[in-house]
Structure formats: structure tokens, C-alpha cells
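Trainee: Pasting a structure here, questions to come.
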Amino acid sequence: MEDFDVIVVGAGPAGIAAGLTAVRNGMKTVVIERGEFPGSKNVMGGVLYTQATAKLVPEFWKEAPLERPVTEQRYAFLHGEDSVSAGYRSPRWAEPPYNAHTVLRAKFDRWLAKKAEAEGVLFITETVVEDLLYKNDGAVIGVRTGRAEGDLLGKVVILAEGVNALIAKKAGLHTQLGPEHVAVAVKEIISLPREKIEDRFQLEQGEGATLELLGDATAGMVGTAFIYTNQDSLSLGIGCLLSEVVKFKANPNDLLERLKAQPLVRKLIQGGETKEYLGHLIPEGGYKAIPKMYRQGVLVVGDTAMLVNGLHREGSNLAITSGIVAGEVAAGAIKSTDVSEQAMSLYQSRLKESFVLKDLYKYRNSAYLFEENPHFFKQYPEMLTKVAHEFFTVDSVPKVDKQKLMWNMVTEMRSKGAIAKDLWKIWRALG
Ligand code: FAD
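Residue numbering for the sequence shown follows my numbering, beginning at 42 and increasing consecutively.
Written as C-alpha cells, this is what we have:
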């Protein structure tokens, strides 16, 4: 039976970051991945944030397979054929140190794993970890894989298996996610010539845009849709809370087709050809749903630990950061020959000092805010487009009457008291 210091389950950004960090700290490390290669099974919108990634591979943008630096972030509220948009654009984001890039995970994860391999991480692919191995006293001593004679011994196991978290569940470090704590996401990669992309999104060469779509984009269900520009393709997707999908008996594929027919979206993707169709879950439970993140000899990172900030569309950066911290804590514990639960708890303390748990704590009530107030995703986008229509329509109605008209429109849809309550709820959850 082969013996390792650190065994990592899963080669997503969290697992690769953990493996690479452990090796850099002198640990004999293996990363086990069920896919054909790292990234082959991975799905993301996908915006990769620069700062967290550069902590792992400084100036990665000089060699990584990236699509476009994100230079503009836009939001559009849809209702029927209408939309209201807002956004922010900065040419500063087109240059180092950048802010974010669009990526295709199959390419990016594979590249990141090659970097880790070059530094000494052993990757075993096409291998499913089935369970942890325990000593008689309950101490974790390795993993059991689906291969014949596939047991591996390790001093610390890092669980980076993503949202399904089967091993973490077996180890009592995760519970079954309720339908209100998980979003179902589907995504298409639509190929389109780069000139068309630049033309339609008003980009120069070497610039990229993200567009988040709310309201009718998800047929009013709690969720969002997105379009991100790649070099010569678009990533188009939609994600809704599973509880809403069940309640409305919605089919994610139908939702995507419906989205593609919306005029704003239709014009952006026109003439494109769907190259890939992908589906995945996103853990959206937030801070209150974070499971126990450690036990003797085990650390839980990335999506397995529910480290996703849905409000800011951040997941990969939390995954990488938690992977780096886990790699460091595992190496420190092994060096001091203490992998007890107490020693492992340093991982959670360190995450509490970082943006990872600080941000999730700040938004600890947001998951419940949206789940309990689905009208935010239906009524307000409708209100916004109706008011905008009235405001921008030039007719012979005096502006003073128009103002009254717009106010009446708003209060007919939702009473003043209900609006005030909504604002208070938003302030309390996000302020
Ligand atoms: P994953 O990337 O899921 O990796 C887990 C790995 O473990 C996989 O390779 C899997 O094959 C492997 N594995 C699982 N079980 C086993 C096992 N038993 N044995 C061996 N291997 C196993 N985040 C952003 O930052 N920006 C975005 O724009 C964004 N958009 C998103 C859009 C969608 C549609 C989705 C689904 C997610 C999005 N996210 C985004 C979130 C982001 O993708 C995740 O937070 C991030 O991928 C988590 O990384 P991870 O390494 O924890 O898990």
C-alpha cells in the first residue's frame, strides 16, 4: 500500500491548490480525480478571479489558457421583451494585474494540474475515492479507491470533491443539502467568431464582458442567468434554486431555450453554434449551511465546504484560497506530528481571518432573504422595466403627471408599506 503525507480527493481548483501548496511545503502528495483528466468534469460560468489565482501561480496570465480579461460587468433586468441595464467598464482591467478572466475549466484546470505536477504533485486520474480508511480507534489513515488494491495511506486527507461531497457525508462532515440550499445550473458554450463577439459586446481585442441577467431570465424564479465572452465563444447559462425548479415544475433545458429566445439574448448569440452542453449544482446555502470543516486527519475545502458567495458570483477564488490554507495547515500539522482535531481546527481559524469566512458571514442571511422573498426576482424587475418605459417614452404628457403615473404604477404593483419592508429586509441581510 503506497504511503503519502497528504491525499487530496478531487482535482478542481480547491484540490489542485491544496496539493500544490502541500508539495511546496515538503509533503509527498497525491491528488485523486475521478475524471479522465483534471477539469474534464468541471463546470463554471466561468469568471476566474486574478488575485486568488496569482497567490498560487504568480503572473499565471503569462502562460495559462485564459479566454478574455473581464473589462466590463453588466447587469440586465428583463421583463417580457424589455430590459433595463447597468454596468461598469474599466480599461484598467485589461492590463496586469487584471481583476478577472473568463476561462473554460476543462482547459484551465488541466493546465493548473500540469503546473502542480511539474512541482511534484502526483495525479491519479480516472479513479473514484469511495471512502476514508480508519484505524480501529477511528483515526483517519487514508482513502479507499475504486481500483483493485486501491487503498492509499496518508497522514492528512483533504476533501475537495465539489458539491456532491459523498466522502464528506460518509465522514460526518456534510449533510444532505436541502433543495433551498442548492442551485441547478445548465450552461452552453456557443461558438461565435471573435469579431462578432467584439462587435456585439462593444469590446476591443483583448477585452471581455460579463452580463448577468435577472427577472424574466429565470422565468421569475430565484436565480440568475449569465452570458460571458470567451475568445471565440460565449458561455450562456442559467441557475435557479432547486426548491424553485421543483415548485414550478420547471425543466432547466426549457429555461435555457426560453432565455435564448429573449430579444436581448437572441441578438447576442445569433448565428452561434452550440458546442457543449453542461449541467452542475452550485452550493448556495451560505454561511449558515457550512458543515464542520475539519476533524482528526481531515480538512474540507471549496464547494465541499459550501464556500460559495453566490451574491458576488465567487466560488473559484474561495476554493483556491481554502485549498492554499488547507495545504499549509496540513503540512504544518504533519511536520509537528500532530494531526489531531485540535491541530486541524487551525484551518477554520485561518479562514475566519480571511475574506472567505468574513464575506460569507456578512451575507449569512442572504440565502434566506431570496428564498423567502421570491418576488424580488419577479416583481421588481417588472416594476423597473415598466417605470423605465414610461420615463423614456417622450409623449405629450407633462413630466409632473408622468411622475405621478410612474409612482402609481409602482404602488399598484406593491404597496408603499411592502416596499419599505423589502428595503429594510435587504438592508438587514446585505448592509
Ligand atoms: P469542483 O470544481 O467541483 O471540483 C471537484 C473535483 O472533484 C472534480 O474534478 C470532480 O470530478 C472530483 N471528484 C468528486 N468526487 C470525487 C471522488 N469521489 N473521487 C475522485 N474525484 C472526485 N465560480 C466563480 O468563481 N466564478 C464563476 O463565474 C462561477 N460560475 C459558476 C457557474 C456555474 C454554472 C457553476 C456550476 C458554478 C460556478 N462557480 C463560479 C462556482 C465554482 O465553479 C466552484 O465554486 C468551484 O469550481 C469549486 O471548486 P472545487 O475545487 O471546490 O470543486
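All residues carry an ideal CB built from backbone N, CA and C; glycine is no exception.
#1: Can you give me the start and stop residues for the beta strand (DSSP E) that Arg130 sits inside?
#2: In the DSSP assignment, find the unbroken beta strand (DSSP E) run with His430 in it and report its ends.
#3: Rank Val227, Phe289, Ile365, Ala374 by C-alpha distance to the C-alpha of Lys301 and give the top, closest one.
#4: Give a single yes or no on whether Val286 has its beta carbon closer than 7 Å to a heavy atom of ligand 1.
#5: Using 8 Å as the threshold, is the C-beta distance between Ala291 and Ala258 below it?
#6: Between the segment 194-209 and the segment 358-375, do three or more beta carbon pairs fall short of 8 Å?
#7: State the beta-bridge partners of Arg115 as determined by DSSP.
#8: Under 7 Å Cβ to Cβ from Asn271, same chain only, skipping five residues before and after it: list those, please.
#9: Comparing the CB of Val370 with every heavy atom of ligand 1, is any distance shorter than 7 Å?
#10: Any idea what DSSP makes of Arg354, helix, strand or coil?
#11: Once DSSP output is grouped into helix, strand and coil, what is the label at Lys399?
#12: Comparing C-alpha positions only, which one of Arg391, Leu163, Glu355, Gly356 sits nearest to Ala371?
#13: Could you tell me which of Tyr404, Lys148, Glu314 sits nearest to Phe78, measuring between CA atoms?
#14: For the pair the segment 162-172 and the segment 116-132, tell me if three or more CB-CB distances fall below 8 Å.
#15: Which complete beta strand (DSSP E) runs does the segment 330-390 hold, if anything under 3 residues is left out?
#16: Which residue wins for smallest C-alpha separation from Ala141, given the options Lys445, Arg405, Arg354?
#17: Check whether the Cβ atoms of Ala52 and Ala154 lie closer than 8 Å to each other.
#18: So what's Val438 in DSSP terms, helix, strand or just coil?
#19: Hey, could you find the ends of the beta strand (DSSP E) Ala226 is sitting in?
#20: Just the C-alpha distance for Phe267 and Met85, rounded to the nearest angstrom, thanks.
#21: If you draw a straight line from the alpha carbon of Pro106 to that of Gly80, how long is it in whole angstroms?
#22: Over the uninterrupted alpha helix (DSSP H) stretch that includes Asp295, give me the two end residues.
#23: Are the beta-carbon atoms of Met334 and Tyr388 separated by less than 8 Å?
#24: Once the 5 residues before and after Gln337 are set aside, which same chain residues still bring their CB inside 7 Å of it?
#25: Residues in the same chain with beta-carbon distance under 6 Å from Glu298, minus the five sequence neighbours each way, listed in chain order, please.
#26: Quick one: Cα of Gly327 to Cα of Trp152, how far?
#27: Extract the residue ranges of the alpha helix (DSSP H) inside the segment 150-230, only unbroken runs of 4 or more that lie entirely within it.
#28: Taking the straight line between their C-alpha atoms, what separation do you get for Lys69 and Glu171?
#29: Per DSSP, what kind of secondary structure is Glu33 in: helix, strand or coil?
#30: How is the alpha helix (DSSP H) around Gly458 delimited, first residue to last?
#31: Could you check whether the Cβ of Asp295 sits closer than 7 Å to any heavy atom belonging to ligand 1?
#32: Quick one: any contact between the segment 307-323 and the segment 181-198, if contact means 3 or more CB pairs under 8 Å?
Mentor: So, from the listed chains and residues:
#1: Here residue 130 refers to the residue found at position 89 when the sequence shown is read from its first residue. Counting along the chain, the beta strand (DSSP E) containing Arg130 begins and ends at 123-130.
#2: For the purposes of this step, residue 430 is identified with residue 389 of the sequence shown, where counting begins at 1. His430: not part of any beta strand (DSSP E); member of the alpha helix (DSSP H) spanning 420-433, first to last residue.
#3: Position 260 of the sequence shown, counting from 1, holds the residue named residue 301. Answer by Cα proximity: Val227.
#4: Here residue 286 is taken as the residue at index 245 of the sequence shown, counted from 1. For ligand 1, not one heavy atom lies less than 7 Å from the Cβ of Val286.
#5: Sequence index remark: in the sequence shown, residue 291 carries index 250 (1-based). Sequence index remark: in the sequence shown, residue 258 carries index 217 (1-based). No, the Cβ-Cβ distance between Ala291 and Ala258 is not below 8 Å.
#6: yes
#7: Along the sequence shown, read from residue 1 onward, the residue named residue 115 stands at position 74. Paired residues: Gly128, Leu252.
#8: Locating residue 271 in the sequence shown gives position 230, counting from the first residue. Once the five neighbours on either side are set aside, the close Cβ partners of Asn271 are Glu108, Arg109, Thr143, Leu145.
#9: As a first step, residue 370 must be located in the sequence shown, where it is residue number 329. Val370 Cβ: outside cutoff for every heavy atom of ligand 1.
#10: By one-based count along the sequence shown, residue 354 stands at place 313. Arg354: coil per DSSP, three-state reduction.
#11: As a first step, residue 399 is located in the sequence shown; it is residue number 358 there, counting from the start. In this structure, Lys399 counts as helix in the three-state DSSP scheme.
#12: Here residue 371 refers to the residue found at position 330 when the sequence shown is read from its first residue. Comparing Cα-Cα distances from Ala371 to each of Arg391, Leu163, Glu355, Gly356, the minimum goes to Arg391.
#13: As a position in the sequence shown, residue 78 is number 37, starting the count at 1. When only C-alpha atoms are compared, the closest one is Lys148.
#14: no
#15: 339-341
#16: Locating residue 141 in the sequence shown gives position 100, counting from the first residue. It is Arg354.
#17: Position 11 of the sequence shown, counted from the start, is the residue given in the question as residue 52. Position 113 of the sequence shown, counted from the start, is the residue given in the question as residue 154. It is a contact, given that the beta carbons lie within the stated cut-off.
#18: Taking the first residue of the sequence shown as position 1, residue 438 is located at position 397. In the structure shown, Val438 sits in coil (DSSP, three-state: anything other than H, G, I, E or B).
#19: As a first step, residue 226 is located in the sequence shown; it is residue number 185 there, counting from the start. Its beta strand (DSSP E) spans residues 223-232.
#20: Position 226 of the sequence shown, counted from the first residue, corresponds to residue 267. Position 44 of the sequence shown, counted from the first residue, corresponds to residue 85. Their backbone Cα atoms lie some 11 Å apart in a straight line.
#21: Residue 106 sits at position 65 when you count from the first residue of the sequence shown. Residue 80 sits at position 39 when you count from the first residue of the sequence shown. Distance between the alpha carbons of Pro106 and Gly80: 13 Å.
#22: Here the question's residue 295 lines up with position 254 in the sequence shown. 293-302 is the span of the alpha helix (DSSP H), which, as asked, contains Asp295.
#23: Taking the first residue of the sequence shown as 1, we reach residue 334 at position 293. Taking the first residue of the sequence shown as 1, we reach residue 388 at position 347. For Met334 and Tyr388, yes; Cβs fall inside 8 Å.
#24: Numbered from 1 along the sequence shown, position 296 holds the residue referred to as residue 337. If we look at Gln337 and ignore the five residues flanking it on each side, its Cβ neighbours are Ala180, Val181, Val380, Ser381, Glu382, Met385.
#25: By one-based count along the sequence shown, residue 298 stands at place 257. So no residue of the chain qualifies.
#26: In the sequence shown, the residue the question calls residue 327 occupies position 286. In the sequence shown, the residue the question calls residue 152 occupies position 111. If you draw a straight line from the Cα of Gly327 to the Cα of Trp152, it comes to about 30 Å.
#27: You should have 207-211.
#28: Position 28 of the sequence shown, counted from the first residue, corresponds to residue 69. Position 130 of the sequence shown, counted from the first residue, corresponds to residue 171. So the two alpha carbons sit approximately 21 Å from each other.
#29: Since the displayed the chain opens at 42 and closes at 472, residue 33 lies outside it and no answer follows.
#30: By one-based count along the sequence shown, residue 458 stands at place 417. Element bounds for Gly458: 457-471.
#31: On the sequence shown, position 254 is the one that residue 295 refers to. At a cut-off of 7 Å, the beta-carbon of Asp295 does not count as near ligand 1: no heavy atom of the ligand is closer than that.
#32: no
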